[in-house]
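Student:
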Amino acid sequence: MAGGTEPSPTPETEEFWAGTRQGELRIQHCNNCGKNYFYPRPFCRYCQSRNVEWRVVSGLGTLISYVINYRPVPPAAPDEPQVIALVELDEGPRMLTNIVGVAPEPENLPLDARVRVDFEPRGEQVLPVFRLESQVSA
Amino acid sequence: MTSMHGGQVAIVGASETDEVGVLPDRAMLQLHAEAGLNALADAGLTAADVDGVATAGPLPLEVSHHLGIQPRWLDGTMVGGCSFMLHVRHAAAAIAAGAADVVLITHGESGRSRVGVAPYARGPASAQGQFEAPFGAVAPYSTFTVPALRFLHDRGMSRDDLAEVVVAQREWAAGNPRAFRRKPATVESVLADRPIAYPFTREMCCVVTDGGGALVLTSAERAADLPGGQHAVYLLGSGEACEAPLMSQMDEVGSFGAFRRASAEAFATSGVSHAGIDHLMGYDAFAHLPLYMLEDLGFVGRGESGAFIREGHTRPGGSLPMNTNGGGLSYTHTGMYGMFAIQEAVRQLRGQAAVQVPDVTTSFVQGVGMFFGAAGSLVLTNRRP
Chain W
4 MAGGTEPSPT PETEEFWAGT RQGELRIQHC NNCGKNYFYP RPFCRYCQSR NVEWRVVSGL
64 GTLISYVINY RPVPPAAPDE PQVIALVELD EGPRMLTNIV GVAPEPENLP LDARVRVDFE
124 PRGEQVLPVF RLESQVSA
Chain Y
7 MTSMHGGQVA IVGASETDEV GVLPDRAMLQ LHAEAGLNAL ADAGLTAADV DGVATAGPLP
67 LEVSHHLGIQ PRWLDGTMVG GCSFMLHVRH AAAAIAAGAA DVVLITHGES GRSRVGVAPY
127 ARGPASAQGQ FEAPFGAVAP YSTFTVPALR FLHDRGMSRD DLAEVVVAQR EWAAGNPRAF
187 RRKPATVESV LADRPIAYPF TREMCCVVTD GGGALVLTSA ERAADLPGGQ HAVYLLGSGE
247 ACEAPLMSQM DEVGSFGAFR RASAEAFATS GVSHAGIDHL MGYDAFAHLP LYMLEDLGFV
307 GRGESGAFIR EGHTRPGGSL PMNTNGGGLS YTHTGMYGMF AIQEAVRQLR GQAAVQVPDV
367 TTSFVQGVGM FFGAAGSLVL TNRRP
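These protein sequences, in sequence, are chains W and Y. Counting from 4, one number per residue, gives the positions in the first sequence under the numbering used here. Counting from 7, one number per residue, gives the positions in the second sequence under the numbering used here.
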């Protein structure tokens, strides 16, 4: 991937970024209502319970929607198109991410394609990005 | 007076800056002032008559002091481009409650020339800075656009439907001398334009301009005694709603809950049905938004928005004239377009639009803000109930 800004974790999100640095995708689970949620916060987004825990998820998901951005903003490389995508994890939450490892053409990116998380360094942090499952297994 | 709705509050002054487009000789705050003074003159009032100020972008205290106004009521509600719909709604509540008598709402943005504005930046520790910006979702064209493919896919629609939105609105812009883009467009020409963020070409993205607009509101009772009362426009109903600050956190990707909730409240409070609306302004920063709005506001059923536009219902002569100034896609878009949508509704209701729709009595104005973050809805009429 062609660079970009680096996220700056807060106390509430540090566990998420510690996970990606170790090659794990960690999502919060509510022990009160049973739902998984994203983005990170120390209470449940659905029932406001503080009885929540971090869980490592499968990293598998579905491509919900995307754009192919032909005009990336610096510090991303302006001439390398980005696939900016919404991925829904099998565990429920939806994330905005990049699809990597595939030529950025619409015919390569059918909606509802199965995707799997991968990790790419960005400065001192590691970003969760996704690859098409068909390409992972190929 | 007991209600903010039902036509008891009136817009008595409405004006844009002298020009909209490319205005490198005016700083952002001066665009507020120019529009504000124009709107006061339109109302037949002066700054000394104003006791309430609302704005988004700069602080209301900055606009107040710049104009020499000492308000007793301030509203700095900031929900992006639909902030002004919320300001109208909040001003109406304040006037109904006696907290203000004359409210001035201003917008000004040096969106193209960037004169007198702070750099656009979100910190890397914000939710956007952690979970969107690192992936390239920074500019509106690479963020607000992300859900569109899902909307089209789920309805068996295509990029042609995005292009039809542009073509339909260009038909309005062609007759508007103030419109930034006026050259006729076809589906083919829109699709062949420079790609920005697939599925969007440049023509499917709004223009980027400088400009401003302002509104003056007071009670319908007082309006009757003002010069601006001759062309008063009355607030029948309104609604506001918000959803998520992150694109990934929309409740549904192919429908915007805040459109549904805000518009439902506006219809309910106005007592007007869809059939009673004869003009629609729908904030169109990008070509997918009018499609979402037509469906989420209930003007058409799910999956019917593309055909509705293709068949000409929103074009000149159609049953639901929409974005009759050309919209953000063709007329102007300073960054927070909502003020211009309201201005065009007022012009149509006054019979003063560049491309006037015959016999407009009721207009629905739908705003969106912070990408798919917030929504504001107004129902306006030119008949005092």
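Note that beta-carbon positions come from the ideal geometry of N, C-alpha and C, so glycine has one too. Since we're looking at a predicted model, the values are computed, not measured.
Could you check the C-alpha separation between PRO391/Y and ALA102/Y for me, to the nearest Å?
Tutor: 16 Å
Student: Any Cβ of chain W within less than 8 Å of the Cβ of PHE311/Y?
Tutor: Looking at the sequence provided, one finds Ser at residue 311/Y rather than Phe. With 8 Å as the cut-off, SER311/Y does not count as an interface residue toward chain W.
Student: Compare the C-beta of ARG58/W with all C-beta atoms of chain Y and state if any pair is closer than 8 Å.
Tutor: no
Student: Does the beta-carbon of SER140/W have 16 or more other beta-carbons within 10 angstroms, so that it is buried, or is it exposed?
Tutor: Unreliable placement is indicated for SER140/W, whose pLDDT of 48 sits below 50; the coordinate value is still reported in the next sentence. When all chains shown are included, SER140/W counts as exposed.
Student: Determine whether the beta carbon atoms of GLU246/Y and LEU92/Y lie at a separation below 8 Å.
Tutor: yes
Student: Answer yes or no: do ALA380/Y and GLY86/Y have a C-beta to C-beta separation smaller than 8 Å?
Tutor: Yes, the Cβ-Cβ distance between ALA380/Y and GLY86/Y is below 8 Å.
Student: For a test of the three-state rule: what should DSSP assign to TYR343/Y, helix, strand or coil?
Tutor: coil
Student: Do THR8/W and PRO140/Y have their C-beta atoms closer together than 8 Å?
Tutor: Closer than 8 Å, so yes.
Student: With distances taken Cα to Cα, identify the nearest neighbour of ARG316/Y among LEU297/Y, ARG308/Y, GLY334/Y and ASP302/Y.
Tutor: Taking only the C-alpha atoms, the option nearest ARG316/Y is LEU297/Y.
Student: Taking the alpha carbon of MET98/W as the reference point, which residue from MET376/Y, GLY318/Y and ASP257/Y has its own alpha carbon closest?
Tutor: ASP257/Y
Student: Would you mind sorting GLU17/W into buried or exposed? The rule is 16 or more other CB atoms within 10 Å of its CB.
Tutor: exposed
Student: Run down chain Y in chain order and give the residues with a C-beta less than 8 Å from the C-beta of PRO109/W.
Tutor: Going along chain Y in sequence order, the residues near PRO109/W (Cβ under 8 Å) are TYR204 and PRO205.
Student: Do THR215/Y and GLY344/Y have their C-beta atoms within less than 8 Å of each other?
Tutor: No; because the gap between Cβ atoms is not below 8 Å, this pair is not in contact.
Student: Using only alpha-carbon positions, find the residue among GLU110/W, ASN72/W and GLN25/W that is nearest to THR100/W.
Tutor: ASN72/W
Student: Taking the runs of the beta strand (DSSP E) that are 3 residues or longer, which of them lie wholly in the segment 30-102 of chain Y?
Tutor: 58-61 and 79-81
Student: Starting from GLN372/Y, trace the beta strand (DSSP E) both ways and give me its first and last residue.
Tutor: 368-375 is the extent of the beta strand (DSSP E) around GLN372/Y.
Student: Indicate whether the contact test is met: 3 or more Cβ pairs, each with one atom in the segment 347-362 of chain Y and one in the segment 57-70 of chain Y, closer than 8 Å.
Tutor: The segment 347-362 of chain Y is not in contact with the segment 57-70 of chain Y.
Student: Looking only at its own chain, which residues have a Cβ that is under 7 Å from the Cβ of HIS280/Y, when we skip the five neighbours before and after it?
Tutor: GLY304 and PHE305
Student: Could you say which of THR151/Y, ALA45/Y and ARG156/Y lies nearest to SER68/W if we only look at CA atoms?
Tutor: ARG156/Y
Student: Would you mind telling me which residues of chain W sit closer than 8 Å to GLU138/Y, beta carbon to beta carbon, in chain order?
Tutor: LEU99
Student: Tell me the DSSP bridge mates of THR100/W?
Tutor: Residue pairing by DSSP places THR100/W opposite ALA88/W in a beta bridge.
Student: Cβ-heavy atom distance between ALA54/Y and the ligand NAD below 7 Å?
Tutor: For the structure depicted, the ligand NAD is absent and the ligand set is empty, with no information on it obtainable.
Student: Excluding the 5 residues preceding and the 5 following CYS59/W in the sequence, name in chain order all residues of the same chain whose CB lies nearer than 6 Å to its CB.
Tutor: First, the residue type needs correcting, since residue 59/W is Val and not Cys in the sequence shown. Within the same chain, VAL59/W has close Cβ partners GLU27 and ARG29.
Student: Check TYR289/Y in the structure and name its three-state DSSP category.
Tutor: TYR289/Y: coil per DSSP, three-state reduction.
Student: Measuring alpha carbon to alpha carbon, tell me which of SER383/Y, GLY122/Y and ALA143/Y ends up nearest PRO130/Y.
Tutor: ALA143/Y
Student: Let me check understanding here. Comparing Cα to Cα, which of SER164/Y, ALA220/Y and ALA54/Y lies closest to GLN76/Y?
Tutor: ALA54/Y
Student: Under the three-state reduction of DSSP, which class applies to SER140/W: helix, strand or coil?
Tutor: For SER140/W, the predicted structure reports a pLDDT of 48, less than 50, and the residue's modelled location is therefore unreliable. The matter cannot be settled from this model.
Student: So for PHE273/Y, helix, strand or coil by DSSP?
Tutor: helix
Student: Do ALA203/Y and VAL70/W have their C-beta atoms within less than 8 Å of each other?
Tutor: yes
Student: Is DSSP giving VAL70/W helix, strand or coil here?
Tutor: Here VAL70/W carries a strand assignment [DSSP, helix/strand/coil].
Student: According to DSSP, simplified to helix, strand and coil, what is ALA203/Y?
Tutor: strand
Student: From the DSSP output, which residues share a beta bridge with CYS47/W?
Tutor: BP columns for CYS47/W are empty, so no partner.
Student: Considering TYR298/Y, what are the terminal residues of the alpha helix (DSSP H) in which it resides?
Tutor: 295-302
Student: Where does TYR240/Y fall in DSSP's three states?
Tutor: strand
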